[in-house]
Amino acid sequence: MGRSSAAYHTPGNEIVGTALNHNEKVITINDLLISNHFIANIQEAKNHYDIRSVYSSEMGRALAFQMDKHVLQTMLQAAAGTANVGDSGYEAGTIITDSDANTNAASLIGSIFDAAEALDDGYVPSEGRFCYLKPEQYYLLANATNAVNVDFSGRGSIAEGTIPQLAGINLIKTPHLPTGNITGTGTDAGGAGGAQVVNASNTVAIIAHTSAVGTVKLMDLAVESEYDIRRQGTLMVAKYAMGHGALRPEAAVQIQTA
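In our numbering, the protein residues as written are 80 to 337.
Below you can see the structure in the form of structure tokens.
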């Protein structure tokens, strides 16, 4: 949706209302994503712990991790996207190239501030901004003097190895940050439709507002199990069906080295 405008009223003139620009975004549901395991009776009997509970947790994690990857990849699509509303002031996504952002804390900090400025220019709300980094770059920042030193009003802690914010942006470390060229129709690419295909080569960080990406859920996370007497074991299946798409390109920024 576009932005409204303001104008002075001339006494006596009828107020009929002005048009507000809109655009539509279609988000396609990906194929059914599953994680499955077969537990043989004999193996379950031999184990001294509740194997089904452990398997259920691991299947749930597998699906959650894949969703994390897909959302991050969609954020990169948004950062590389064009403006989706024709009104002035609606920006395209932003890509910041910083050759040593992956090894130089001061350089990475500067790029994160540049990203915050780009979000401000696009009228992106200051609340709900997040920066996603690999653990290597997160701890690089946590060990940076100007990120943790009290003389700079830093909120990080070397003792705890944390740095919650930079430029008002919440920092999140994740091993799922995409850093390669994701192509084809595999699981990472989003299945047959390839909805999450993106070239994430040289990516160091993703800065995005929660409005940058939309998710449509067709089937919520569920776990099913069935005993098969012919195979003397239980088949367990965890599943969900959802899709992701870029909504606001101006609300996403990619920091890359090249």
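Positions of the beta carbon are idealized from the N, C-alpha and C atoms, including for glycine.
Handout entry: Chain-order list of residues whose beta-carbon lies under 6 Å from that of Q122 (same chain, five-residue window excluded)
Key = Nothing listed; no residue qualifies.
Practice task
Quick one: grab the DSSP three-state call for K213.
Solution key: The three-state secondary structure of K213, taken from DSSP, is coil.
Problem - Buried versus exposed call for K148 [16 or more other C-beta atoms within 10 Å across all chains shown] - result: Burial call: buried.
Exercise for the section: With A138 as the anchor, note down where its alpha helix (DSSP H) starts and where it stops. Expected result: Contrary to the premise, residue 138 reads as Met rather than Ala in this sequence. Unbroken alpha helix (DSSP H) run through M138: 130-158.
Practice task
Can you have a look at V332 and say buried or exposed, based on whether 16 or more other CB atoms are within 10 angstroms of its CB?
Solution key: Taking every protein chain shown into account, the CB of V332 has 16 or more other CB atoms within 10 angstroms, so this residue is buried.
Handout entry: Every unbroken beta strand (DSSP E) inside the region 170-203 [3 residues or more]
Key = Complete beta strand (DSSP E) runs here, min 3: 173-176.
Handout entry: Distance, V133 Cα to T161 Cα
Key = T161 and V133: Cα-Cα distance of roughly 44 Å.
Handout entry: For A98 and T89, the rounded distance between their alpha carbons
Key = Rounded to whole angstroms, T89 to A98 spans 19 Å at the Cα level.
Problem - C-beta contact flag for P243 and K213 at 9 Å - result: In this structure, K213 does not lie closer than 9 Å to P243 by Cβ.
Practice task
Measure from the alpha carbon of I191 to the alpha carbon of each residue in D200, I248, A85, Y218, then state which is nearest.
Solution key: Of the candidates D200, I248, A85, Y218, the residue whose Cα lies closest to the Cα of I191 is I248.
Exercise for the section: Can you give me the start and stop residues for the beta strand (DSSP E) that A337 sits inside? Expected result: Segment: none, A337 is in no beta strand (DSSP E) and carries neither H nor E.
Handout entry: Where Q244 falls: helix, strand or coil (DSSP)
Key = Strand.
Exercise for the section: Decide if D177 is buried, meaning its Cβ has at least 16 other Cβ atoms within 10 Å, or exposed. Expected result: D177 comes out buried.
Problem - Unbroken alpha helix (DSSP H) run spanning I121, endpoints - result: Looking at the DSSP string, the run of the alpha helix (DSSP H) that includes I121 is 120-125.
Problem - Start and end residues, beta strand (DSSP E) containing M321 - result: Where M321 is concerned, the enclosing beta strand (DSSP E) stretches over 312-325.
Exercise for the section: Could you have a look at Y87 and say whether DSSP puts it in helix, strand or coil? Expected result: Three-state result, Y87: coil.
Practice task
May I have the straight-line CA-CA distance separating G322 from D110, to the nearest angstrom?
Solution key: If I take the Cα positions, the gap works out to 9 Å.
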